[in-house]
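In the numbering used here, the protein residues as written are 1 to 139. Each residue gets a CB set at the ideal place from its N, CA and C atoms; glycine is no exception. The structure appears below as C-alpha cells.
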Amino acid sequence: SCIILLALHVNWILVRPYLGMGVIFLFMFIEPFLLSTWGYTRGKWILKVTVRAESHRKLTYSHGLNRSFSLWWRGMGAGIPVVSVITMLIAAIKLSGTGMTSWDKLNHSIVFHGNIGKKRIFIVILYFILYFWLLSHIV
C-alpha cells in the first residue's frame with residue numbers, strides 16, 4: 001500500500017510539468033473559440049481587455065488560432081519550464097518597447113484596454129490568492 005502511494009507520488013511529480021504544458025496547449029484551441037464567439041476570455045473580460053482584428057470585428061476562429069499558436073510559441077515557449085521564462089521576459093521587453101506583442105503584430109490583431117475599477121482589481125487579487133492556495137493544497 002505504501003509502495004503504491006509512493007509510486008503514485010513519484011509519477012505525479014514526473015507528470016505534473018507535462019500536465020501544465022498540456023493544459024496550456026489545450027487552451028490554445030479554447031481561446032480562439034471564446035474570442036470568436038464572445039469576443040473575450042474570462043480573464044480578458046475581468047481585466048477589460050479586448051482583442052480584435054484590424055477591421056475592429058471579433059477574430060475568426062482561424063485568426064484566433066493563429067494568434068494563440070503564436071502566443072503559445074513566442075510568448076509562452078510552448079510551456080517548457082525554462083524556455084517559457086525566457087520567452088515571457090523577451091515578450092515583456094518587446095511589449096514595453098513597442099506597445100504591442102510580437103504575436104499580435106504578426107497576426108494583425110489589435111488589443112484594447114478598458115479602465116479597471118477597484119472591484120475588478122479586488123476580484124483578480126482574490127482569484128490569485130485562491131489559485132495559489134489551491135495549488136499549495138494539491139502538492
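Among the options, nearest to residue i - alpha-carbon criterion
i	options	result
F29	I121, H63, G75 and K58	H63
S36	K105, R52, F122 and G22	R52
I110	R67, I24, Y131 and K118	R67
A92	F128, S136, W45 and L71	L71
R120	G43, H56, P81 and L95	G43
G22	R57, K58 and P81	P81
Anticipated Cβ contact below 8 Å, residue i with residue j, distance rounded
i	j	result
G20	G79	6 Å
E31	H108	So it is not a contact: roughly 17 Å between Cβ atoms.
Own chain residues within Cβ distance below 7 Å of residue i, not counting five before or after
i	result
I116	L47 and K48
L126	none
L106	S70
W103	R67, S70, L71, R74 and G75
Residue i and residue j closer than 8 Å at C-beta
i	j	result
G75	T50	no
F33	Y61	yes
Neighbourhood of residue i by C-beta distance below 6 Å, restricted to the same chain and skipping five residues each side
i	result
F112	T50
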